[in-house]
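Right, one structure below, let's go through it.
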Amino acid sequence: MKNLASTLLSGVLLLAPVTGSMHAEERAIPVTMEENAVSFEVHPLMKQGSVWGPFERGQAWISSHARKNIKHPSGNTSGNLNNNGHYAFYKETIYYNNPADEGKLYKQKSDGSERRKISDDGYVEYINVVDDNIFYFSDHQLIRTKLDGTERVVLRDFGVGGLNVMSVVGEWIYYTEGHEMFGALYRMRTDGTSIKKLESNPVSRLVVDKERVYYVIHTHKLFVLDANVEGKKKLLDGGSIASLILKGTSLFFNYNGQLYTMGTDGQSLTELSDRDARNLNIDGEWLYYSDHSEYSKKLYRIHLRDRTVQKLNDQKTFNIHLAANRIFYYSPDRNEIVSINIP
Numbered sequence: 000m001k002n003l004a005s006t007l008l009s010g011v012l013l014l015a016p017v018t019g020s021m022h023a024e025e026r027a028i029p030v031t032m033e034e035n036a037v038s039f040e041v042h043p044l045m046k047q048g049s050v051w052g053p054f055e056r057g058q059a060w061i062s063s064h065a066r067k068n069i070k071h072p073s074g075n076t077s078g079n080l081n082n083n084g085h086y087a088f089y090k091e092t093i094y095y096n097n098p099a100d101e102g103k104l105y106k107q108k109s110d111g112s113e114r115r116k117i118s119d120d121g122y123v124e125y126i127n128v129v130d131d132n133i134f135y136f137s138d139h140q141l142i143r144t145k146l147d148g149t150e151r152v153v154l155r156d157f158g159v160g161g162l163n164v165m166s167v168v169g170e171w172i173y174y175t176e177g178h179e180m181f182g183a184l185y186r187m188r189t190d191g192t193s194i195k196k197l198e199s200n201p202v203s204r205l206v207v208d209k210e211r212v213y214y215v216i217h218t219h220k221l222f223v224l225d226a227n228v229e230g231k232k233k234l235l236d237g238g239s240i241a242s243l244i245l246k247g248t249s250l251f252f253n254y255n256g257q258l259y260t261m262g263t264d265g266q267s268l269t270e271l272s273d274r275d276a277r278n279l280n281i282d283g284e285w286l287y288y289s290d291h292s293e294y295s296k297k298l299y300r301i302h303l304r305d306r307t308v309q310k311l312n313d314q315k316t317f318n319i320h321l322a323a324n325r326i327f328y329y330s331p332d333r334n335e336i337v338s339i340n341i342p
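Counting in numbering that gives the first Met the number 0, the sequence shown runs from 0 upward without gaps.
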């Protein structure tokens with residue numbers, strides 16, 4: 000298997016086990032392997048009463064444990080995307096919307112060095128970085144470039160329309176499109192092909208975990224679907240749902256003006272705080288938010304286990320982003336982006 004360049008089949012899993020290869024397909028979706036194909040156990044494939052050799056005709060069964068090594072790299076965290084994705088962190092580099100230069104796309108090292116503009120596109124949002132490509136929205140367009148801003152391609156021109164949200168996971172882009180306030184949910188490959196509508200109703204919030212998509216329609220119904228399987232499941236209904244983020248097998252969101260958590264299976268709906276927590280983001284065991292229960296909307300964080308609350312500033316706080324062990328947020332009082340260390 001070490002030198003084989005054939006394609007292997009295991010139910011819904013396809014591998015291209017070239018020495019050192021980390022590429023594969025799962026249900027026709029390109030994915031990346033954490034280990035190369037050399038490590039997988041191969042079993043003969045049976046057909047019409049005869050036994051094929053493991054590599055005859057380039058096909059063989061692969062033991063099911065191979066699936067455990069598949070990973071789906073995300074282009075940004077759900078917390079940053081929940082705050083319009085103005086910051087993304089990739090390979091020790093921060094990619095961000097620079098409000099001091101009409102929201103154009105910049106990058107800098109974690110320590111603030113090597114800062115430079117990489118695109119003249121203005122007011123970029125929903126920045127995702129996957130496999131050395133940057134994806135973002137600008138001027139109602141979905142754009143892809145290389146890390147240095149070259150090879151710019153407009154993947155989708157939405158024209159004049161409503162708000163768009165986006166998340167890039169592996170080889171797929173999940174996004175909304177429509178002419179109303181919120182649009183229908185779609186996905187397409189990162190090369191702009193294979194566009195498919197996943198949800199016709201207006202989607203206001205979106206979180207993608209591998210192939211599972213959690214989303215809010217009409218701002219008050221939380222659903223989950225598998226992008227490769229027909230059908231969806233309602234997880235929550237009956238109130239306003241905002242600021243949706245994910246950590247492991249738990250969802251966090253603002254529900255009727257209070258902070259709640261719930262399992263990704265729709266079970267164990269639990270109130271974390273009676274505060275009107277908005278602009279949610281998460282790092283480790285701490286959840287960060289601006290408190291809209293108070294006029295000043297200060298920055299706080301709450302510990303997910305013991306629910307200890309800490310105040311982090313005394314000014315209005317919006318668009319909370321976390322990158323390179325720092326907190327970036329917009330201060331309307333100062334009309335600028337403020338950066339502080341994560342305590």
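Yeah, the Cβ is synthetic: ideal placement off N, Cα and C, and Gly gets one too.
Relative to the C-alpha of W171, which residue among F157, I336 and N127 is closest?
N127
Out of curiosity, what's the CA-to-CA distance linking S38 and N132?
Here the model assigns S38 a pLDDT of 36, short of 50, so the residue's position is not dependable and the matter cannot be decided.
Do the stretch 110-121 and the stretch 143-152 meet, that is, are 3 or more Cβ pairs less than 8 Å apart?
yes
Could you please give the first and the last residue of the uninterrupted alpha helix (DSSP H) stretch that includes S77?
S77 to N81
Quick check: the Cα distance between A323 and I336, rounded to an integer number of angstroms?
16 Å
Paired residues, beta bridge with S249 - DSSP:
Looking at the DSSP assignment, S249 forms a beta bridge with K246 and G262.
Nearest CA to the CA of S199: which residue from Y185, E293 and L141?
Y185
Just list the beta strand (DSSP E) runs in the stretch 139-192, keeping only unbroken ones of 3 residues or longer that don't cross its boundaries, in chain order.
140-145, 152-156, 165-168, 171-176 and 182-188
Helix, strand or coil at P342 [DSSP, three-state]
coil
Considering only residues of the same chain and omitting the five flanking positions on each side of F157, which have a CB-CB separation below 6 Å?
H139 and E176
From N334, P342, R333 and D313, residue whose alpha carbon lies closest to that of I326:
P342
What three-state label does DSSP hand A226 in the structure shown?
coil
Considering Y294, what are the terminal residues of the beta strand (DSSP E) in which it resides?
Here Y294 belongs to no beta strand (DSSP E), and DSSP marks it neither H nor E.
Out of curiosity, what's the CA-to-CA distance linking V153 and V223?
V153 and V223: Cα-Cα distance of roughly 29 Å.
For T248 and G238, the rounded distance between their alpha carbons:
22 Å
Which one or two residues does DSSP pair with N280 in a beta bridge?
Y287
Per DSSP, what are the beta-bridge partners of I216 in this structure?
V202 and K220
Buried or exposed by the 16-neighbour rule on C-beta atoms within 10 Å, applied to N79:
Looking at its Cβ environment, which holds 16 or more other Cβ atoms inside 10 Å, N79 is buried.
Bridge partners for R115 per DSSP, in chain order?
K106
Taking only the alpha-carbon atoms, compute the straight-line gap between K220 and T307 and give it to the nearest angstrom.
Rounded to whole angstroms, K220 to T307 spans 29 Å at the Cα level.
Select from N81, F88 and N82 the residue whose C-alpha is nearest the C-alpha of P72.
For P72, the closest alpha carbon among the candidates N81, F88 and N82 is that of F88.
In terms of residue numbering, what span does the beta strand (DSSP E) encompassing N132 cover?
N132 to S137
Could you pull the DSSP bridge partners for Y89 from this structure?
T92
Helix, strand or coil for D305, going by three-state DSSP, please let me know.
coil
In three-state DSSP terms, what is A323?
coil
Going by beta carbon distance, what residues of the same chain come within less than 7 Å of Y299, once the five residues before and after it are set aside?
Y288, D290, V308, Q309, K310 and L311
So is T189 buried or exposed if we call it buried at 16+ other beta carbons inside 10 Å?
So T189 ends up on the buried side.
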